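Notes to accompany the following structure.
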Amino acid sequence: MLEESVKQEIREALRQVGQNVPGFRSRSQQRQMIAEVARTLAGECEGRRLLAIEGPTGTGKSLAYLLAGIPVARAEGRQLIISTATVALQEQIVDRDLPALQANSGLTFSYGLIKGRRRYVCTRNLEQLVGGAAQGEMDLGGPSAGPAHWPRKPQTGELEHLQALYRDLQAGDWDGDLDRRPPPAADLQGPMTTDRHGCTGRGCPHVSDCPFHRARRGMEEQDVLVANHDLVLADLAMGGGVILPPPEQVFYVFDEAHHLAARATDAFRAESPLLASVQWLERLPRLAGQAISLLPEEAGRHLEALERAVNELSAMLNEMHGMIRRDWQRMNRDGVWRFPAGELPAPLGELVPGLRDASAEVEKHYGRIGQAFAKVTAEEGVTPGSVAERLAPELGEAASRVEHLADTWRLVAREQPSEAPPVARWITALGSGRPDYLVAASPVSAAAMLRNGLWSRAAGAVLTSATLTALGRFDRMRLACGLEEDDGTRYLSLASPFDYRNRAVLHVPRMASDPRDPEAHTGELIRVLPGILEPEGGALVLFASARQLDAVYEGLPAEWQGRILRQRERPRVELLAAHARAVEAGEPSVIFGLAGFAEGVDLPGDLCRHVVIAKLPFAVPDSPVEATLAEWLESRGRNPFMDITVPDAGMKLVQACGRLLRSEADSGRVTVLDRRLLTHRYGQALLNGLPPFGRELGTPIVAPAALG
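In structure tokens, the structure reads:
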């Protein structure tokens with residue numbers, strides 16, 4: 001129960017924030033969220049300690065769940081894990097929200113940022129990259145190339161960039177966080193980092209100043225841990241309590257929770273190539289043999305078993321490759337071969353159990369050698385320049401590949417559930433000549449994994465976002481996240497603090513074209529946009545495809561092209577800065593963006609007085625996972641378009657409309673150039689799911705505006 005002393009602590013913290021933060025306004029929606037989060041986590045509500053709460057923009061969600069969650073967690077002797085979908089929000093909470101709360105609330109608490117190992121530079125690997133490149137000792141893709149080798153010849157300035165990072169790391173001017181100081185090229189992040197297999201832990205000479213281990217020290221003592229969805233899901237995939245504290249011991253808050261189900265599905269996906277796997281498997285016994293030379297004599301028996309397992313697995317992978325290639329040529333297949341209902345045809349399906357078992361044997365025997373190597377290096381240490389130091393990253397990289405390969409065949413071989421959504425399975429062709437094939441599998445829904453691995457185990461959890469509902473209901477989110485209608489979870493959608501009816505207008509004009517005719521619709525957009533876009537101030541035009549975005553831009557008059565900033569032409573930060581400069585100078589500026597600009601982009605005030613949505617954001621179920629899920633729903637008499645596509649489009653439409661009003665002082669218009677909102681039966685449901693804007697529906701297009 002929520003003790004009176006905890007209630008008073010929360011009230012006093014909120015009072016002090018109001019007193020100490022200039023311009024702070026405590027809204028009724030925020031106070032309601034504080035109360036609901038506190039009551040839920042304290043177990044004061046009937047049912048379990050699980051709350052899904054939608055807080056529209058302007059609610060002040062992060063302050064609400066921190067003010068409620070920290071005192072309740074401390075009172076119950078638990079840690080509070082805040083999980084976000086994006087690094088940007090994760091860093092905002094750590095760099096801004098938590099320090100501000102400490103300084104202004106009177107609450108005493110500790111906190112830490114928790115990221116995956118690959119988010120931090122590996123000192124050993126960075127040192128080898130810098131030293132090897134400087135001495136001309138680069139292994140550019142040879143058979144023994146490990147993760148600490150350059151993947152290619154360094155480009156101009158890249159070596160100097162890494163040298164500067166290394167100097168700053170040694171001087172203590174950089175903490176090794178690669179989100180704050182990224183590598184000069186994306187393909188260098190892998191070589192600069194390591195994973196749990198490649199890390200030698202206590203045996204590493206850099207362990208005392210290792211960026212990853214330094215960030216993890218004292219994690220158990222922190223009151224608040226700020227993580228991200230991918231890290232939480234990775235921990236659950238390993239059983240929970242491996243990377244983070246066990247779910248039973250913590251309270252979770254999932255911010256940006258509308259991304260959780262999709263991230264979970266991605267987390268449990270697995271894929272592996274055939275021929276490429278055979279190529280590195282053939283080198284595995286030789287690499288393991290080098291490690292054996294440093295180990296006690298009894299480790300040698302695992303090498304013999306490993307060689308037998310590798311030979312067996314390689315033969316089966318080659319056999320499957322031959323089967324797939326013959327069928328591919330006979331059927332003249334396109335780039336992706338998806339198996340209906342996730343069921344492999346008999347010849348391929350009969351090979352799969354053997355591939356599962358053989359890859360598990362390789363994983364077992366190579367794992368025993370790796371464990372013995374890790375034990376020796378931990379006990380004896382790793383001397384810089386030694387054989388053990390050279391082998392460690394290569395052995396770790398190989399261990400990751402082995403684990404990934406075994407995970408793939410375990411998932412491909414998994415029996416389909418009788419009632420639950422199936423596992424999707426498909427093959428993608430790679431390359432030409434003697435092509436390789438990528439075998440992939442993924443659950444089409446992560447509901448069962450979240451239900452069994454998280455919700456049934458967590459001491460308490462809050463899911464929050466500005467958009468948790470679809471078409472005004474929690475049904476879509478609930479089913480995707482594995483929550484049951486009667487499982488004790490509480491659902492609450494807070495009212496918006498914004499006066500939508502008087503501050504914004506939703507305009508759906510009469511359009512002649514149907515967006516399902518791309519050529520006609522694009523032509524009409526070119527004709528009507530100059531009449532819709534204001535000749536001054538900021539606007540955001542959102543497109544469903546890059547092809548239509550570019551076609552519309554190319555078709556507009558030159559005077560409008562000069563005022564348009566296209567996504568993909570420059571980095572987002574630069575584009576937004578150029579937009580702000582133009583608007584502040586009194587010039588018209590229009591951003592042409594895709595789905596990435598429909599969420600997480602903040603354009604307050606004059607930066608965005610008009611949001612134009614070219615087309616309803618319907619997703620086409622063309623990915624193997626989506627197509628398999630649609631098949632499964634149809635097999636049960638359901639309509640995947642109405643059950644999934646329309647609700648998902650409704651959520652995306654709300655997110656896009658949410659770019660307009662970012663504060664109570666903002667005002668403007670949202671225009672949707674898709675007549676299906678007015679002509680199709682699902683249009684009214686989509687309209688009903690939007691904020692209560694003033695409405696102009698079915699009105700004619702105005703004459704083109706003139707630029708000043």
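UniProt numbering puts the first residue of the sequence shown at 1, with every later residue one more than the last.
Each residue gets a CB set at the ideal place from its N, CA and C atoms; glycine is no exception.
No experiment lies behind these values; they were computed from the predicted model shown.
**Request:** Confirm, please, whether the CB-CB distance from Asp-674 to Pro-515 is below 7 Å.
**Result:** yes
**Asked** Hey, His-365 and Ala-424: beta-carbon distance below 7 Å or not?
**Response** no
**Prompt:** Can you check whether the CB of Phe-498 is closer than 7 Å to the CB of Gly-47?
**Reply:** no
**Asked** Which residue comes first and which comes last in the alpha helix (DSSP H) that contains Ala-299?
**Response** Ala-299 -> no alpha helix (DSSP H), and no H or E assigned at all.
**Message:** Quick check: the Cα distance between Ala-466 and Glu-54, rounded to an integer number of angstroms?
**Reply:** 6 Å
**Asked** If you follow the beta strand (DSSP E) that Asn-228 is part of, which residue opens it and which one closes it?
**Response** 224-228
**Asked** How would you write the range of the alpha helix (DSSP H) that Asp-648 sits in, first residue to last?
**Response** 646-657
**Request:** Enumerate, from N- to C-terminal direction, the unbroken alpha helix (DSSP H) stretches of 4 or more residues contained entirely within the stretch 656-694.
**Result:** 676-679, 681-688
**Message:** For Phe-641, list the residues DSSP reports as bridge partners.
**Reply:** Phe-641 pairs with nothing; no bridge assigned.
**Asked** With a CB to CB cut of under 7 Å and the five nearest residues on each side skipped, what residues in its chain are close to Met-316?
**Response** Leu-351, Gly-354, Leu-355, Ala-358
**Request:** Within 10 angstroms of the Cβ of Pro-624, are there 16 or more other Cβ atoms? Answer buried if so, exposed if not.
**Result:** buried
**Request:** Closer than 7 Å by C-beta to Ala-544: which residues in its own chain qualify, once you throw out the five before and the five after it? Chain order, please.
**Result:** Ala-614, Lys-615, Pro-617
**Asked** What are the uninterrupted segments assigned as alpha helix (DSSP H) that are 4 or more residues long and contained completely in the stretch 1-86, given in chain order?
**Response** 4-20, 28-41, 61-75
**Message:** Buried or exposed, going by whether 16 or more other CB atoms sit within 10 Å of the CB of Arg-330?
**Reply:** exposed
**Alpha-carbon to alpha-carbon, Leu-67 and Leu-14** = 7 Å
**Request:** Go through the stretch 438-491 residue by residue and report every complete run of the alpha helix (DSSP H) that reaches 4 residues or more, in order.
**Result:** 447-450, 475-480
**Item:** Where Gly-593 falls: helix, strand or coil (DSSP)
**Value:** strand
**Request:** Please list, in chain order, all residues of the same chain as Ala-288 whose beta carbon is under 7 Å from its beta carbon, the five residues on each side excluded.
**Result:** Leu-303, Leu-306, Tyr-366, Ile-369
**Item:** Neighbourhood of Arg-681 by C-beta, 6 Å cutoff - its chain only, sequence neighbours within 5 removed
**Value:** none
**Message:** Tell me the residue span of the alpha helix (DSSP H) that contains Thr-377.
**Reply:** 346-380
**Asked** Using the beta-carbon count (16 or more within 10 Å), is Asn-125 buried or exposed?
**Response** buried
**Prompt:** Expressed to the nearest angstrom, what Euclidean distance is found between the alpha-carbon atoms of Gly-537 and Thr-265?
**Reply:** 41 Å
**CA-to-CA distance, Leu-274 to Thr-193, given in whole angstroms** = 26 Å
**Prompt:** Helix or strand or just coil, what does DSSP make of Ile-587?
**Reply:** Looking at the sequence provided, one finds Glu at residue 587 rather than Ile. Looking at Glu-587 - three-state DSSP - the assignment turns out to be coil, as it is neither helix nor strand.
**Asked** So, using beta-carbon positions, are Met-651 and Ala-446 closer together than 7 Å?
**Response** no
**Item:** Cα-Cα separation, Val-121 to Arg-216
**Value:** 14 Å
**Asked** Under the rule that 16 or more other beta-carbon atoms within 10 Å means buried, what is Val-387, buried or exposed?
**Response** exposed
**Request:** Could you check the C-alpha separation between Gly-281 and Gln-290 for me, to the nearest Å?
**Result:** Reading off the sequence shown, one finds Leu at residue 281, where the question assumed Gly. Taking the straight line joining both Cα atoms gives about 15 Å.
**Prompt:** When the distance is taken between beta carbons, is His-610 closer than 7 Å to Gly-562?
**Reply:** no
**Message:** My output table needs one value for Val-423: the three-state DSSP class, helix, strand or coil.
**Reply:** strand
**Prompt:** For Glu-626, which of Pro-211, Ser-26, Arg-96, Ala-341 has the nearest alpha-carbon?
**Reply:** Ala-341
**Request:** Compare the C-alpha of Leu-463 against each of Asn-502, Asp-235, Thr-84 and name the closest.
**Result:** Thr-84
**Message:** Going by the DSSP bridge assignment, what does His-259 pair with across the sheet?
**Reply:** Partner(s): none; His-259 has no beta bridge.
**Item:** Neighbourhood of Leu-430 by C-beta, 7 Å cutoff - its chain only, sequence neighbours within 5 removed
**Value:** Pro-273, Asp-436, Tyr-437, Leu-438
**Request:** Using the Cα positions of Ser-513 and Asp-475, report the straight-line distance between them to the nearest angstrom.
**Result:** 33 Å
**Message:** Tell me the residue span of the beta strand (DSSP E) that contains Ala-161.
**Reply:** The displayed chain sequence assigns His, not Ala, to residue 161. From DSSP, His-161 is part of no beta strand (DSSP E) but of the alpha helix (DSSP H) over 158-171.
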